[in-house]
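Read top to bottom, the protein sequences are chains R and H. Every letter in the first sequence is one number past the one before it in the numbering used here, and letter 104, counting from 1, is 110. Every letter in the second sequence is one number past the one before it in the numbering used here, and letter 49, counting from 1, is 354. Comments concern the structure below.
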Amino acid sequence: MIFTKDGLIRLLVTIIISVFICVLITAIFFAGQMEALFLIKSVILGCAIWFIAELSFDFIDKLWPHKIFPSYAALCIIILAGTTGGLLLFEVNSFAAILIADAIALFCGLAIAIVNRKIYEKKLNSHLKEFKDKKD
Amino acid sequence: MKVRLITTDKNRNSIVDILSANSIDLDDESNILLAERGCIDTRGCDLKIEFSEEGIDELINILSLIGNETKLKGMILGKFNETYKPIKIADISYFNALNNDTYANLADGKSYLVKKKLYQLEDELIGDGFFRINKSELVNMKKISLITPMFKGKLIINLEGYKAPFDISRSFTKAFKERLGF
Numbered sequence: 007m008i009f010t011k012d013g014l015i016r017l018l019v020t021i022i023i024s025v026f027i028c029v030l031i032t033a034i035f036f037a038g039q040m041e042a043l044f045l046i047k048s049v050i051l052g053c054a055i056w057f058i059a060e061l062s063f064d065f066i067d068k069l070w071p072h073k074i075f076p077s078y079a080a081l082c083i084i085i086l087a088g089t090t091g092g093l094l095l096f097e098v099n100s101f102a103a104i105l106i107a108d109a110i111a112l113f114c115g116l117a118i119a120i121v122n123r124k125i126y127e128k129k130l131n132s133h134l135k136e137f138k139d140k141k142d
Numbered sequence: 306m307k308v309r310l311i312t313t314d315k316n317r318n319s320i321v322d323i324l325s326a327n328s329i330d331l332d333d334e335s336n337i338l339l340a341e342r343g344c345i346d347t348r349g350c351d352l353k354i355e356f357s358e359e360g361i362d363e364l365i366n367i368l369s370l371i372g373n374e375t376k377l378k379g380m381i382l383g384k385f386n387e388t389y390k391p392i393k394i395a396d397i398s399y400f401n402a403l404n405n406d407t408y409a410n411l412a413d414g415k416s417y418l419v420k421k422k423l424y425q426l427e428d429e430l431i432g433d434g435f436f437r438i439n440k441s442e443l444v445n446m447k448k449i450s451l452i453t454p455m456f457k458g459k460l461i462i463n464l465e466g467y468k469a470p471f472d473i474s475r476s477f478t479k480a481f482k483e484r485l486g487f
């Protein structure tokens with residue numbers, strides 16, 4: 007199922023992040039002059055990214071249920087699409103700026119995903135070990 | 306329980322003694338036939354258990370399991386190639402349901418047909434460390450060698466002796482983590 011409770015929580019988080027980024031950028035680069043249209047566009051972009059992510063991860067899970075690399079590849083595409091879309095939304099048209107921002111976003115996004123997943127995996131397996139030791 | 310016994314004269318007395326000690330009576334009209342290898346009269350029987358002289362001990366184990374449900378603690382009776390065998394619950398890696406049948410799968414790759422349904426086993430074996438991971442599989446958590454988290458909260462597990470991983474359905478993930486004390 008695509009639209010699970012967890013998926014809807016992710017949507018809410020995406021909207022909050024979109025609003026936060028929009029407010030931050032307008033405060034820094036537009037001297038605090040918030041344009042309502044920017045905010046709406048930012049939220050719509052966030053929702054679109056959420057929707058694409060939910061669909062693509064589900065699709066990948068059906069095609070390669072036991073492989074993690076296709077999901078990381080999808081994550082890369084989503085990060086690039088989100089960053090590029092966001093920059094274009096804020097009328098940043100410099101190719102170099104987009105390239106640098108994409109590279110930074112990709113590095114940070116992947117690093118966060120990989121490190122989080124590794125920590126989670128380690129915790130799960132240490133709980134499993136404790137469970138097995140207790141049962142023995 | 307009553308059985309029809311066909312055996313050599315040499316082994317007859319000792320088997321009769323062991324059977325009677327396990328509350329199993331002899332009856333030539335019984336549909337359950339105990340036949341020693343080489344004695345092939347199988348007329349009119351619904352169940353034939355063939356044994357060899359070397360397998361008498363195991364035969365008695367099986368008969369005592371059939372005859373007395375309370376002795377099933379820690380063991381389950383599995384069927385493989387028309388042969389029944391008592392299996393230690395602790396040796397079972399996972400149970401799976403397939404076409405209305407339930408199978409007990411061991412780490413060596415052998416599958417035994419078992420009588421009970423998956424939901425019955427789930428209720429009975431919860432204290433033995435078994436956990437339902439999806440609608441058709443019940444795994445022995447002590448046989449899990451690795452848990453791998455995937456995207457969107459899905460978990461997959463590897464069992465000792467099995468190359469292919471097993472999926473934990475998203476609806477079972479929360480309960481699985483709670484079971485681990487996570």
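Glycine included, C-beta positions come from ideal geometry on N, C-alpha and C.
{"Item": "Is it right to say K448 of chain H is buried, meaning 16 or more other beta carbons lie within 10 angstroms of its own, or is it exposed?", "Value": "buried"}
{"Item": "Does any residue of chain R have a CB that is nearer than 8 Å to the CB of F435 of chain H?", "Value": "no"}
{"Item": "Among R:I66, R:G88, R:I23, whose alpha-carbon lies nearest the alpha-carbon of Y78 of chain R?", "Value": "R:I66"}
{"Item": "Return helix, strand or coil for K376 of chain H, following the three-state DSSP convention.", "Value": "At K376 of chain H, the pLDDT of 47 sits below 50, so the modelled position is not reliable; the number obtained from the coordinates is stated separately. If DSSP states are grouped into helix, strand and coil, K376 of chain H belongs with the helices."}
{"Item": "Among H:N316, H:R309, H:G414, which one has its Cα closest to the Cα of E334 of chain H?", "Value": "H:R309"}
{"Item": "Would you call the region 114-123 of chain R and the region 432-444 of chain H in contact, with 3 or more CB pairs under 8 Å?", "Value": "no"}
{"Item": "Using the C-alpha atoms, what's the distance from K128 of chain R back to T478 of chain H?", "Value": "16 Å"}
{"Item": "Going straight from the alpha carbon of N255 of chain H to that of L324 of chain H, what length do you get?", "Value": "The displayed coordinates of chain H run from 306 to 487. Any statement about residue 255 of chain H would go beyond what the structure contains."}
{"Item": "Can you tell me whether Y424 of chain H is buried or exposed, with buried defined as 16 or more other CB within 10 angstroms of its CB?", "Value": "exposed"}
{"Item": "Can you give me the Cβ contacts of M446 of chain H inside the same chain, cut-off strictly under 6 Å, excluding the 5 residues immediately before and after it?", "Value": "G434, F436"}
{"Item": "Under 7 Å between beta-carbons, which chain R residues line up against M446 of chain H? List them in chain order, please.", "Value": "F137"}
{"Item": "Please say whether K307 of chain H and D330 of chain H have beta carbons closer to each other than 8 Å?", "Value": "yes"}
{"Item": "S416 of chain H and E465 of chain H: beta carbons closer than 8 Å?", "Value": "no"}
{"Item": "Going along chain R, which residues have a C-beta under 9 Å from R342 of chain H?", "Value": "Result: empty, since nearest Cβ-Cβ is about 40 Å, beyond 9 Å."}
{"Item": "Does DSSP put R342 of chain H in a helix, in a strand, or in coil?", "Value": "coil"}
{"Item": "Output, in sequence order along the chain, the residues in the region 451-475 of chain H whose CB is closer than 8 Å to any CB in chain R.", "Value": "L451, I452, T453, P454, M455, F456, K457, G458, K459, L460, I461, A469, P470, D472, R475"}
{"Item": "Would you mind telling me which residues of chain H sit closer than 8 Å to E41 of chain R, beta carbon to beta carbon, in chain order?", "Value": "Correct list: empty, because the minimum Cβ distance to chain H is about 34 Å."}
{"Item": "At the level of alpha carbons, what is the spacing between I27 of chain R and R16 of chain R?", "Value": "16 Å"}
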